[in-house]
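Okay, so the sequence shown: first residue is 1 according to my numbering, each after it adds one.
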Amino acid sequence: MPDQFLKDLLLTPGTSGQEESVQKVVRNFAEGFADKVETDVFGNVSATVNPQGTITILLDAHCDQIGLIVKHIDSYGFIRVNPIGGWDLQILLGQRMLVHTATGPVPGVIARKPIHLLDLEERKTVPKMKELWIDIGSISETETRSLVRIGDTVTPEPCLRELRNGRLAGVAMDDRTGIWVIMTSLRKIAQGNPFAKVVAVSSAQEEIGLRGATTSAYNVKPDIAIAVDVTHATDCPGIDQNEFGRIEIGKGAVVVRGPNANPRVVDLLIQQAQEKSIPIQINALGNPASNDGAAIQISRGGCAMGLVTIPNRYMHSPVELVAESDLENASDLIAAFCLAIRKESCFVP
């Protein structure tokens with residue numbers, strides 16, 4: 001059963017650039033154990049344990065979710081939107097939505113004309129964003145404009161459903177689960193005896209270009225970093241494991257090998273997993289990951305980078321699915337890694 005922190009993370013909406021509500025959840029949790037909790041001008045929240053440590057470890061996960069932004073309100077009061085992040089429009093169609101306004105969330109639905117009214121060609125094609133609209137039940141443009149402003153953000157209605165075998169499904173597993181992992185890891189580290197200074201950063205605006213990680217890594221100046229994000233679980237129909245590898249829900253967090261990951265960081269992660277009997281999976285990436293690790297690795301003079309990812313089915317949909325055990329194992333692994341760092345630890349290849 002998910003704890004209250006995870007529930008709060010998953011049920012609090014926040015698109016790129018509008019993460020304040022989510023970051024409040026993060027701050028409230030971290031202030032219970034961290035030596036220092038700060039929010040920078042970009043909206044990143046950092047929590048620090050053992051600030052006097054002479055080696056700095058950065059733990060990163062992003063708190064923003066994909067969403068929509070209000071672009072136009074038409075003469076009937078329907079809301080037209082542009083995407084924030086990458087959407088599969090086939091999945092977006094027909095969802096319950098929330099428009100986040102100055103006076104609070106306004107419920108609506110996202111739709112297009114019904115299938116009965118589509119011609120044969122329209123039925124064969126994926127709808128374009130400009131063909132969709134949000135209906136809040138308004139009867140006029142004036143009524144909609146009295147509630148909604150251009151630039152307001154829109155998200156799917158938050159949901160969290162507990163499924164069989166410890167699986168959780170809902171909105172924004174990408175990457176609120178990563179936030180849960182790094183912050184619960186930091187709490188375990190605080191209860192240990194860390195040699196290193198450890199800074200866990202809930203970063204902003206990953207979904208539109210790794211922006212929060214770029215600024216926070218510059219400020220933190222890490223010697224070592226671990227980025228935590230979701231990865232595609234390939235244990236469901238239609239995914240070719242010959243191309244994408246075998247990544248399974250419930251078989252442990254994923255340690256990534258490849259040029260975006262320092263080989264000595266990878267070795268220590270695997271060593272700690274073996275010593276602590278923490279189940280892990282291995283994935284390979286031939287190019288920099290499409291997550292914060294790509295930006296952090298080359299910040300300033302560079303750092304020793306590690307990537308730990310969480311298997312996730314149906315990414316960038318309102319029904320993303322993860323295994324709670326994978327989150328717990330990822331948290332244990334990262335805490336063990338950080339507590340294993342000593343003065344003599346060297347990550348120069």
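Backbone N, C-alpha and C define an ideal beta-carbon position, used for all residues, glycine too.
Nonlocal neighbours in the same chain, by C-beta distance under 7 Å from residue i, ignoring five residues either side
i: residue 246; result: 234
i: residue 6; result: 180
i: residue 75; result: 141
i: residue 144; result: 73, 77, 79, 136 and 138
i: residue 351; result: Nothing can be reported for residue 351: it is not among the residues displayed for the chain, which extend from 1 to 349.
Residues of its chain near residue i, where Cβ-Cβ distance is below 6 Å and the 5 sequence neighbours each way are ignored
i: residue 176; result: 9 and 10
i: residue 213; result: 60, 203, 292, 295 and 296
i: residue 273; result: 280 and 333
i: residue 18; result: 153
Presumed contact (8 Å Cβ cut-off) between residue i and residue j, rounded CB distance
i: residue 16; j: residue 91; result: That belief does not hold up - the Cβ atoms of residue 16 and residue 91 are roughly 19 Å apart, past 8 Å.
i: residue 316; j: residue 66; result: 6 Å
i: residue 230; j: residue 165; result: That belief does not hold up - the Cβ atoms of residue 230 and residue 165 are roughly 18 Å apart, past 8 Å.
Three-way DSSP call (helix, strand, coil) for residue i in this model
i: residue 31; result: coil
i: residue 105; result: strand
i: residue 153; result: strand
i: residue 94; result: coil
i: residue 203; result: strand
i: residue 237; result: coil
i: residue 65; result: strand
i: residue 100; result: strand
i: residue 281; result: strand
i: residue 74; result: coil
i: residue 212; result: helix
i: residue 341; result: coil
i: residue 316; result: coil
i: residue 172; result: coil
i: residue 254; result: strand
Closest by C-alpha distance to residue i, when choosing among the options
i: residue 139; options: 67, 114, 37 and 77; result: 77
i: residue 188; options: 340, 345 and 55; result: 340
i: residue 113; options: 106, 123, 66 and 301; result: 123
i: residue 34; options: 329, 288 and 183; result: 183
i: residue 39; options: 150, 51, 286 and 26; result: 26
i: residue 207; options: 14, 3, 2 and 4; result: 14
i: residue 89; options: 126, 57 and 285; result: 126
i: residue 42; options: 326, 210, 261 and 121; result: 210
i: residue 4; options: 20, 155, 160 and 262; result: 160
i: residue 238; options: 102, 50 and 314; result: 314
i: residue 236; options: 248, 242 and 227; result: 248
i: residue 128; options: 87, 147 and 158; result: 87
i: residue 146; options: 157, 173, 102 and 228; result: 102
Exposure of residue i, with buried meaning 16 or more beta-carbon neighbours within 10 Å
i: residue 116; result: exposed
i: residue 329; result: buried
i: residue 52; result: exposed
i: residue 72; result: exposed
i: residue 348; result: exposed
i: residue 56; result: buried
i: residue 326; result: buried
i: residue 185; result: buried
i: residue 263; result: exposed
i: residue 1; result: exposed
i: residue 343; result: exposed
Contact with chain D by residue i, beta-carbon distance below 8 Å
i: residue 86; result: This model lacks chain D altogether; it includes just one protein chain.
Close-in-space but distant-in-sequence residues of the same chain around residue i (CB under 8 Å, 5 per side omitted)
i: residue 37; result: 27, 30, 31, 45, 46, 47 and 48
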